[in-house]
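S.K.: Right, I'll just put the structure down here and ask away after.
Protein chains: 2
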Amino acid sequence: MKAGYLQYTPMLGEIRKNAENILEFIKSHKPDEKIDLLVLPEMILTGYAFPDKASLSRVCSEEFNDFTLAFCKEVSSVTGGYTVAGYPEFKNGLFFNSAMLTDKTTLVGNYQKSHLFGLEKDVFEPGESGFKVFSTPDFNVGIMICFDWVFPESARTLALSGADIIAHPVNLVMPYCQRAMFARSLENGVFTISANRCGTENWGSPLTFTGESIIYDPRGEMLARGPLDGQELKIVDMDISKAANKNLNSVNHLFKNRRTDLYYSV
Amino acid sequence: MKAGYLQYTPMLGEIRKNAENILEFIKSHKPDEKIDLLVLPEMILTGYAFPDKASLSRVCSEEFNDFTLAFCKEVSSVTGGYTVAGYPEFKNGLFFNSAMLTDKTTLVGNYQKSHLFGLEKDVFEPGESGFKVFSTPDFNVGIMICFDWVFPESARTLALSGADIIAHPVNLVMPYCQRAMFARSLENGVFTISANRCGTENWGSPLTFTGESIIYDPRGEMLARGPLDGQELKIVDMDISKAANKNLNSVNHLFKNRRTDLYYSV
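For the protein sequence lines, the chains are A and B, in the order given.
Residue 8 is where the first sequence starts when you use this note's numbering, and the numbers rise one by one after that.
Residue 8 is where the second sequence starts when you use this note's numbering, and the numbers rise one by one after that.
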């Protein structure tokens with residue numbers, strides 16, 4: 008199968024222009040073949056820096072939920088496959104830092120970021136959805152968002168719940184994640200796709216996003232890395248059966264060898 | 008405080024010669040100051056490749072437990088601090104792949120490898136000790152051995168149990184661990200010391216050990232890396248208070264931000 012990321016730098020608050028530009032970028036850069044799964048960054052249509060609920064409420068609404076869903080379906084129409092994209096979700100009067108999974112006709116799944124980073128805590132609620140895995144005919148995909156990566160339990164929960172691929176929309180500002188995802192893929196025997204953005208926004212102080220979107224295979228091999236700065240649609244081949252094989256060698260199995268009798272109980 | 012590793016390649020089965028040579032090596036290479044914690048590799052006095060219980064029983068006995076204890080105490084006499092060393096432990100008629108922690112007079116702690124690697128399963132029992140943290144006046148140290156690193160729960164359990172430093176005796180033959188320990192140190196906010204060996208032994212097929220013993224600080228900064236081949240006593244400065252600070256920034260705490268309500272239950 009073919010899967011990958013869009014590394015893209017949105018204009019803060021320019022929702023419709025971002026949507027148009029992104030669709031145009033994907034159309035003009037996509038391969039001829041179907042893209043089975045495309046992952047877009049966190050808050051890709053809005054940008055990131057909404058320092059208070061008043062400013063966030065200008066982009067985050069039920070109408071915007073619907074707009075994002077329509078956008079993702081359109082991306083899927085272009086790629087022929089599934090789309091994961093981060094967006095600020097409005098639900099029951101509250102804001103969540105979320106990501107949705109769609110195909111060209113349907114909302115397949117939704118995930119609300121579990122571990123909020125930095126000043127996000129001022130505007131978003133901690134996610135309530137939990138780490139869920141969504142099954143498609145060809146692969147099982149789990150979603151985590153950005154800072155979730157620091158906590159090994161995030162990817163672990165998705166992998167133990169059956170994910171072959173972890174779709175990971177990010178807006179990275181620290182220098183760690185791209186290196187650490189090596190461990191997340193290897194320890195869980197899963198593909199990981201971290202779709203990052205570039206550029207600088209101001210949230211109290213300037214936040215510069217670090218690019219270098221990254222894809223690892225289930226043995227930690229790096230399949231792609233985006234530029235430090237700049238936009239890129241990157242699609243790689245994935246032999247999804249590799250994620251089903253949790254045997255590191257003839258006797259060691261990443262999951263069956265777990266000594267759950269000895270682990271710290273959550 | 009000062010802590011580090013001995014990267015050393017023992018001669019298979021030559022217990023007394025290895026002990027003599029290692030003590031001589033440490034004496035001739037140690038700094039003038041006290042070494043608060045020195046970590047030696049897995050099975051450092053015996054070598055690694057004992058392909059069946061008959062061959063292992065020639066080195067692994069109650070007498071050898073005592074010999075290892077005396078050796079570690081002597082190392083501590085030379086360094087002035089604590090010593091962690093891997094050894095095959097004989098207990099109640101069974102063999103464990105273990106490591107002990109001593110000072111110059113006392114056995115402070117013992118750990119039995121929880122996750123056995125490859126053909127070790129033919130000769131060793133899975134450890135029963137669990138991941139315990141041992142307190143000294145100046146630091147809290149947890150022990151894990153080699154393949155334990157693959158399972159994020161190992162280091163996590165030690166860190167959540169209060170470890171400042173993870174002492175990690177290893178006999179690495181896969182190419183992954185040295186890179187992945189970056190994540191183990193960062194995600195847990197702990198120092199990690201992985202003490203490896205070099206050389207080749209034969210256990211069914213040739214096993215070549217990968218050197219590059221490695222030390223990371225609680226933010227994933229590499230403090231030392233040994234040579235690919237060759238022996239080295241490496242001691243670094245550690246500001247142990249860094250391990251007590253689990254704040255990645257003013258609002259994000261590595262432990263307090265855990266969403267235990269959402270994690271896969273062991």
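Backbone N, C-alpha and C fix where the C-beta goes; we use that ideal spot for every residue, glycine too.
If you're wondering where the values come from, they're calculated on a predicted model, not measured in any experiment.
Could you tell me the distance, in whole angstroms, from the CA atom of G11(A) to the CA atom of I222(B)?
M.R.: 34 Å
S.K.: Which same chain residues end up closer than 6 Å to E239(A) when comparing Cβ atoms and leaving out the 5 residues on each side of it in sequence?
M.R.: Q14, G233
S.K.: Is the segment 172-191 of chain A touching the segment 212-226 of chain A, taking contact as three or more C-beta pairs under 8 Å?
M.R.: Three or more pairs of CB atoms, one per stretch, sit closer than 8 Å, so the segment 172-191 of chain A contacts the segment 212-226 of chain A.
S.K.: Is the Cβ of H175(B) closer than 9 Å to any Cβ of chain A?
M.R.: no
S.K.: Would you call the CB atoms of N264(A) and F158(B) closer than 9 Å?
M.R.: Closer than 9 Å, so yes.
S.K.: Keeping to the same chain, check which residues put their C-beta closer than 6 Å to that of L167(B); ignore five residues upstream and five downstream.
M.R.: none
S.K.: Of all the CB atoms in chain A, is at least one closer than 9 Å to the CB of L179(B)?
M.R.: no
S.K.: Which chain B residues are close to N209(A), counting only those with a beta carbon under 7 Å from its beta carbon?
M.R.: For N209(A), there are no neighbours in chain B by C-beta distance under 7 Å, as the nearest C-beta there is about 17 Å away.
S.K.: List the whole-angstrom C-beta distance separating M151(B) from Y94(B), where the pair is believed to meet the contact cut-off of C-beta under 8 Å.
M.R.: M151(B) to Y94(B), Cβ: 15 Å. No contact.
S.K.: With a CB to CB cut of under 7 Å and the five nearest residues on each side skipped, what residues in its chain are close to T143(A)?
M.R.: Counting only Cβ-Cβ distances below 7 Å, and skipping sequence neighbours, we find Y89.
S.K.: Would R232(A) count as contacting chain B if we go by Cβ distances under 9 Å?
M.R.: no
S.K.: Residues in the same chain with beta-carbon distance under 8 Å from K41(A), minus the five sequence neighbours each way, listed in chain order, please.
M.R.: The answer, listed in chain order, is K9, T86, G87, G88.
S.K.: Compare the C-beta of V157(A) against all C-beta atoms of chain B and say whether one is closer than 9 Å.
M.R.: yes
S.K.: Less than 9 Å separating the beta-carbons of Y118(B) and G134(B)?
M.R.: yes
S.K.: On a CA-only basis, which of L19(B), L44(B), R23(B) is nearest S201(B)? Give me that one, please.
M.R.: L44(B)
S.K.: What's the gap between the Cα of A251(B) and the Cα of A190(B)?
M.R.: Cα to Cα, the separation comes out at about 17 Å.
S.K.: Could you check whether I22(A) and L47(A) sit closer than 9 Å to each other, using their CB atoms as the reference points?
M.R.: no
S.K.: Since K128(B) meets chain A, which of its residues come closer than 7 Å, beta carbon to beta carbon?
M.R.: V258
S.K.: What's the C-alpha gap between A77(B) and K111(B)?
M.R.: 9 Å
S.K.: D145(A) and I33(A) look like a contact to me (Cβ under 8 Å); what is the Cβ gap, rounded to whole Å?
M.R.: Not a contact, Cβ separation roughly 20 Å.
S.K.: What does S333(A) touch in chain B if you count any residue whose Cβ is under 8 Å from its own?
M.R.: There is no way to answer for residue 333(A), as the model of chain A reaches only from 8 to 273.
S.K.: Please name the residue or residues paired with Q119(B) in a DSSP beta bridge.
M.R.: Answer is S105(B).
S.K.: Within 9 Å of any Cβ in chain A, is that where the Cβ of N254(B) sits?
M.R.: no
S.K.: Ignoring anything shorter than 4 residues or poking outside the segment 140-183 of chain B, list the alpha helix (DSSP H) runs there in chain order.
M.R.: 159-167
S.K.: Please identify the residue among L19(A), N72(A), A92(A) whose C-alpha is closest to the C-alpha of S62(A).
M.R.: Closest by alpha carbon: L19(A).
S.K.: Note the first and the last residue of the continuous alpha helix (DSSP H) segment covering T75(A).
M.R.: 69-86
S.K.: Which residue or residues does DSSP assign as beta-bridge partners of H260(A)?
M.R.: Answer is N254(A).
S.K.: In this structure, how does DSSP classify M229(B) when only helix, strand and coil are distinguished?
M.R.: strand
S.K.: Which chain B residues are close to Y275(A), counting only those with a beta carbon under 7 Å from its beta carbon?
M.R.: There is no way to answer for residue 275(A), as the model of chain A reaches only from 8 to 273.
S.K.: I want to verify the contact list: residues of chain A whose CB lies under 8 Å from the CB of S121(B), in sequence order.
M.R.: R266, L269
S.K.: Let me see if you follow: with CB-CB separation under 9 Å, is L261(A) close to chain B or not?
M.R.: yes
S.K.: Any C-beta of chain B sitting closer than 9 Å to the C-beta of E160(A)?
M.R.: yes
S.K.: What residues in its chain sit with their C-beta under 8 Å from that of I172(A), if we drop five residues either side in the sequence?
M.R.: A10, L44, F146, N147, V148, G149, V197, F198, T199, I200, M245, I247, A250
S.K.: Residues of chain B with CB under 8 Å from T164(A), in chain order?
M.R.: L269, Y270, Y271
S.K.: Extract the residue ranges of the alpha helix (DSSP H) inside the segment 24-74 of chain B, only unbroken runs of 4 or more that lie entirely within it.
M.R.: 60-64
S.K.: Show which residues of chain A have a CB atom less than 9 Å away from the CB atom of G149(B).
M.R.: Against chain A, a Cβ distance below 9 Å from G149(B) picks out nothing, because the smallest value is about 11 Å.
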